[in-house]
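Here my numbering is used: the first residue of the sequence shown is 70, the next is one more, and so on.
Just so it is clear, CB atoms sit at the ideal spot from N, CA and C, and this is done for glycine as well.
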Amino acid sequence: MPVGEMDEPRQLFALNPDLDRAALARAFAVDHRIQIRNVLTEDTAREMRKVLAAHTPWGMAAQADGSGIDGPQKLSAGELASERGRARAQQMVQATHRAAGRGAYSFRYAHYSLVEAARQQDGNPHQIILEHLNTPDFLDLVRAVTGIPELMRADGQATLFGPQHYLGRHIDSHLAEGWRIAYVLNFAPDDWHPDWGGYLTFLDEDGDIVAGYRPRFNALNMFLVPRPHAVTYVSPFAPSERFAVTGWLRDR
């Protein structure tokens with residue numbers, strides 16, 4: 070069903086009223102990262118997952134430094150439906166293979182921009198999600214947990230990491246653009262198996278993994294940037310259900 074034809078959701082986004090913000094702030098202060106489980110009410114988390122699973126026109130995002138795709142490249146769902154778009158997508162897959170094999174920065178995953186959806190101004194559910202991420206309720210939560218009162222807005226994209234998708238190690242150093250906190254609002258199955266990959270990992274200067282978060286349903290990951298992190302390769306046998314809304318919380 071196209072996005073514009075979906076039934077009106079009962080309620081799309083509501084924070085869990087039982088979150089202990091003081092305890093979460095203490096936990097975040099230790100390593101400047103956190104995973105907040107059950108961050109939304111159960112009903113609204115399921116509505117969010119429904120939007121991502123059934124009503125999102127997934128495109129493709131990729132980058133392959135030094136292999137012909139320097140800088141992020143995107144293909145829309147409409148482009149992927151064309152022969153030319155499919156050929157371009159295959160080129161992007163091959164380029165990311167080459168870049169990753171050399172240890173150059175690269176990534177590939179399915180995406181849909183919430184910012185672009187908001188420009189349509191038609192009340193689509195993706196626009197509503199972005200609006201909720203910029204309400205006082207959500208921003209007050211992230212300010213309280215991170216201890217950064219200057220956070221003033223969120224951008225976002227819907228992401229789907231399916232088999233053979235990954236996000237290479239990087240640091241998110243766009244401080245001049247106001248990036249302070251990276252976030253991942255997860256809607257993966259709660260029984261996501263470790264063998265399937267797709268973990269958000271944090272690395273030290275020697276490249277050792279010092280922490281990792283399993284994809285979970287209704288869990289919010291947040292961490293201070295810049296810092297080295299990656300999303301591990303999703304196994305070919307994994308289900309295509311690692312849904313999330315991701316982006317940055319900004320101070321400008």
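Apart from the five residues just before and just after residue i, which ones in its own chain have a Cβ nearer than 8 angstroms to its Cβ?
| i | result |
| --- | --- |
| F286 | A114, R118, N255, F256, A257, P258 and D259 |
| M161 | M129, A131, A133, I138, Q142, L144 and R177 |
| Q196 | L183, A186, A187, Q189 and Q190 |
| N203 | R222 and A223 |
| I278 | T270, F271 and L272 |
Rounded to the nearest angstrom, what separates residue i and residue j at their Cα positions?
| i | j | result |
| --- | --- | --- |
| L293 | Y282 | 15 angstroms |
| D241 | G147 | 29 angstroms |
| G170 | G135 | 11 angstroms |
| L208 | P263 | 31 angstroms |
| L11 | A299 | There is simply no residue 11 to check, as the chain begins at 70 and stops at 321 in what is shown. |
| A123 | Q142 | 24 angstroms |
| D100 | L199 | 27 angstroms |
| L88 | R167 | 44 angstroms |
| N193 | T301 | 31 angstroms |
| A158 | A227 | 19 angstroms |
| E116 | S309 | 18 angstroms |
| D275 | P297 | 11 angstroms |
Skipping 5 residues on each side, what residues in its chain have a beta carbon closer than 7 angstroms to that of residue i?
| i | result |
| --- | --- |
| L318 | V211, L220, A223, R249, I250 and Y252 |
| W265 | V303, S304 and A307 |
Less than 9 angstroms separating the beta-carbons of residue i and residue j?
| i | j | result |
| --- | --- | --- |
| A179 | L229 | yes |
| A94 | A173 | no |
| A280 | I105 | no |
| G140 | A164 | no |
| G316 | G225 | yes |
Using C-beta distances below 6 angstroms, list every residue in its chain close to residue i, excluding the 5 sequence neighbours before and after it, in chain order.
| i | result |
| --- | --- |
| P96 | The residue asked about is misnamed: residue 96 is Ala in this sequence, not Pro. Around A96: I103. |
| F82 | T113 and H201 |
| N107 | N85 and N287 |
| R311 | F230, A257, G267 and P284 |
| R90 | A213 |
| G247 | R319, D320 and R321 |
| Q80 | T113 |
Thinking just about the alpha-carbon of each residue, which of the options is nearest to the one in residue i?
| i | options | result |
| --- | --- | --- |
| V314 | L121, V99 and N107 | L121 |
| H234 | Q132, P218 and N290 | Q132 |
| A245 | E200, P295, H239 and H101 | P295 |
| R238 | Y268, Q196, T110 and D87 | Y268 |
| M337 | I217, E310 and N85 | The question about residue 337 has no answer here: the residues shown for the chain are numbered 70 through 321. |
| L109 | D206, A156, H243 and S175 | D206 |
Does residue i have its Cβ less than 9 angstroms from a Cβ in chain B?
| i | result |
| --- | --- |
| H234 | Of the chains in the structure shown, none is chain B; there is only one protein chain. |
DSSP puts residue i in a beta bridge; with which residues?
| i | result |
| --- | --- |
| A227 | Y181 and V314 |
| K119 | None, per the DSSP bridge assignment. |
| R212 | According to DSSP, which records beta bridges pairwise, R212 is partnered with nothing at all. |
| S175 | A133 |
| N255 | A288 and A313 |
| W248 | R319 |
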